[in-house]
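Trainee: Under my numbering, think of the first position of the sequence shown as 14, with each following residue one higher. Yeah, the Cβ is synthetic: ideal placement off N, Cα and C, and Gly gets one too. Sharing a structure below in structure tokens format, with a few things to ask.
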Amino acid sequence: MLSRLDTLVQWLIKLPQQEKNVKALLSMRIQLMKQFKSTEWVVNDELTIAPDYLKRSLAIIKNMFTSMITKVQRFQQSQQGQK
């Protein structure tokens, strides 16, 4: 999920008035990526964020991905219906 956040950020940037959401998403990404030791995605021995923050962040990111996928699919369906 973290490796695909660039796609979500690029999508949000295209929408009006999403600066706050983009900043929050990037902040969450930074905090989540700090939980790994290396580029091999090995989890640190101890988390540096609270478990509640981790749970909330992942839920928010999941909801954003769901929203993005739903809106893209609706747009594609509307484009196919116009052909």
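(1) Please state the DSSP three-state secondary structure of V56.
(2) Could you tell me the distance, in whole angstroms, from the CA atom of S70 to the CA atom of V85?
(3) Taking one C-beta from the segment 33-46 and one from the segment 15-22 each time, how about it: are there three or more such pairs within less than 8 Å?
(4) Cα separation between D65 and M14?
(5) May I ask you to list the residues that DSSP assigns as paired with F49?
Mentor: Let's see:
(1) Indexing the sequence shown from 1 puts residue 56 at position 43. It is a strand residue.
(2) Stepping through the sequence shown from its first residue, residue 70 is reached at position 57. Stepping through the sequence shown from its first residue, residue 85 is reached at position 72. When the Cα atoms are used, S70 and V85 turn out to be separated by approximately 22 Å.
(3) Contact holds: three or more Cβ-Cβ distances are below 8 Å.
(4) If you number the sequence shown from 1, residue 65 lands on position 52. If you number the sequence shown from 1, residue 14 lands on position 1. Each residue's alpha carbon lies about 18 Å from the other.
(5) Against the sequence shown, residue 49 aligns to sequence position 36. For F49, the pairing in a beta bridge is given by DSSP as V56.
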